[in-house]
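Note sheet for the following structure.
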Amino acid sequence: MKLEQFLVSIFFLPCLAHANCWEKIAVTTSQLQELVQTQDTTKQALITIRRSAQDWKNLLLRGSNEKDKQVLNKRFNEQKIAYEVDLKRLKVQLTSLNLQADTIKILEDQKNALFRNYDNALTRYGVDSLDAASRVDRQVQGEDVLTFRTLENLDQDLSTRVKKSFDLLRLEIDKCSKE
Numbered sequence: 412m413k414l415e416q417f418l419v420s421i422f423f424l425p426c427l428a429h430a431n432c433w434e435k436i437a438v439t440t441s442q443l444q445e446l447v448q449t450q451d452t453t454k455q456a457l458i459t460i461r462r463s464a465q466d467w468k469n470l471l472l473r474g475s476n477e478k479d480k481q482v483l484n485k486r487f488n489e490q491k492i493a494y495e496v497d498l499k500r501l502k503v504q505l506t507s508l509n510l511q512a513d514t515i516k517i518l519e520d521q522k523n524a525l526f527r528n529y530d531n532a533l534t535r536y537g538v539d540s541l542d543a544a545s546r547v548d549r550q551v552q553g554e555d556v557l558t559f560r561t562l563e564n565l566d567q568d569l570s571t572r573v574k575k576s577f578d579l580l581r582l583e584i585d586k587c588s589k590e
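With this note's numbering, the residue at position 76 of the sequence shown is 487, and numbering never jumps.
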């Protein structure tokens with residue numbers, strides 16, 4: 412019986428310890444992957460809201476022509492829908508990571524206010540002339556900046572978390588390779 416215990420301790424316990432080490436690496440790798448995907452979604456949301464702002468400006472500058480107005484308004488609305496999809500995905504990802512629940516609430520509130528104000532300004536003044544477009548622009552000027560900054564700060568936070576997760580993964584791999 413003592414020989415069996417000796418063999419188990421010599422051959423199997425190190426294997427169990429090594430397996431546990433690689434299991435930690437698998438968990439850290441999975442968490443890292445979730446962080447990277449969430450950061451990618453954050454970057455995509457930032458790109459989408461910036462495109463929306465550009466489409467908004469194009470609508471104001473070139474929307475006096477009815478045909479152009481329809482095309483530009485369609486593009487603007489497509490970006491609005493794409494941004495809503497990005498935010499939904501981001502909410503799921505951040506919730507899964509148990510991160511920044513308050514940031515999602517802020518972004519959703521900003522989105523609702525921003526697009527409501529865009530619609531209200533457009534309805535009130537129209538874009539039939541440069542003067543009308545200028546009034547529309549002044550009414551909503553700068554309202555998208557807070558959204559940009561919130562997404563940029565989230566991206567920076569996620570970047571820091573990704574770096575820390577990579578560092579932890581390197582340490583775990585180094586530790587496992589020495590066992």
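Just so it is clear, CB atoms sit at the ideal spot from N, CA and C, and this is done for glycine as well.
### Task
Determine the direct distance from the alpha carbon of N431 to that of S420, and round the result to whole angstroms.
Along the sequence shown, one-based indexing puts residue 420 at 9. Along the sequence shown, one-based indexing puts residue 431 at 20. Any answer about S420 is weak, because its pLDDT of 48 lies below 50 and its placement is not dependable; what the coordinates show is given next. Going by the C-alpha atoms only, they are around 16 angstroms apart.
### Environment of G553 [buried if 16+ CB atoms lie within 10 Å]
As a working mapping, residue 553 is identified with position 142 in the sequence shown. Label assigned to G553: exposed.
### Query
For A460 versus L562, is the C-beta distance shorter than 8 angstroms?
Here the question's residue 460 lines up with position 49 in the sequence shown. Here the question's residue 562 lines up with position 151 in the sequence shown. Looking at the sequence itself, residue 460 is Ile, so the reference to Ala does not match. In contact: I460 and L562 (Cβ atoms closer than 8 angstroms).
### Task
Return the chain-ordered ranges of every beta strand (DSSP E) run that is complete within the segment 500-533 and spans a minimum of 3 residues.
none
### Query
If you run the structure through DSSP and keep just helix, strand and coil, what is E554?
For the purposes of this step, residue 554 is taken as residue 143 along the sequence shown, with counting starting at 1. E554: coil per DSSP, three-state reduction.
### Message
Between the alpha carbons of Q504 and L541, how many angstroms are there, rounded?
### Response
Along the sequence shown, one-based indexing puts residue 504 at 93. Along the sequence shown, one-based indexing puts residue 541 at 130. Approximately 42 angstroms between the Cα atoms of the pair.
### Task
Leaving aside the five residues before and after Q450 along the sequence, list all residues of the same chain whose C-beta is less than 7 angstroms from its C-beta, in chain order.
Position 39 of the sequence shown, counted from the start, is the residue given in the question as residue 450. Only D566, L569, S570, V573 meet the Cβ criterion.
### Task
Check whether the Cβ atoms of L498 and A524 sit closer than 8 angstroms, and answer yes or no.
To locate residue 498, count along the sequence shown from 1; it is residue 87. To locate residue 524, count along the sequence shown from 1; it is residue 113. No. Outside cutoff.
### CA nearest to the CA of A544, picked from E495, Q465, R473
Here the question's residue 544 lines up with position 133 in the sequence shown. The option with the nearest alpha carbon to A544 is R473.
### S463 versus K522: straight-line alpha-carbon distance, rounded
Working through the sequence shown from its first residue, we reach residue 463 at position 52. Working through the sequence shown from its first residue, we reach residue 522 at position 111. If you take the alpha carbons of S463 and K522, they lie about 11 angstroms apart.
### Helix, strand or coil at D539 [DSSP, three-state]
Here residue 539 refers to the residue found at position 128 when the sequence shown is read from its first residue. Looking at D539 - three-state DSSP - the assignment turns out to be coil, as it is neither helix nor strand.
### Query
If we ignore side chains and look at the alpha-carbon of each, how far apart do R560 and L443 end up?
Within the sequence shown, numbered from 1, the residue matching residue 560 stands at position 149. Within the sequence shown, numbered from 1, the residue matching residue 443 stands at position 32. Their backbone Cα atoms lie some 24 angstroms apart in a straight line.
### Task
Could you check if L582 is buried or exposed, using at least 16 other CB atoms within 10 Å of its CB as the buried criterion?
For the purposes of this step, residue 582 is taken as residue 171 along the sequence shown, with counting starting at 1. Per the 10 Å Cβ criterion, exposed.
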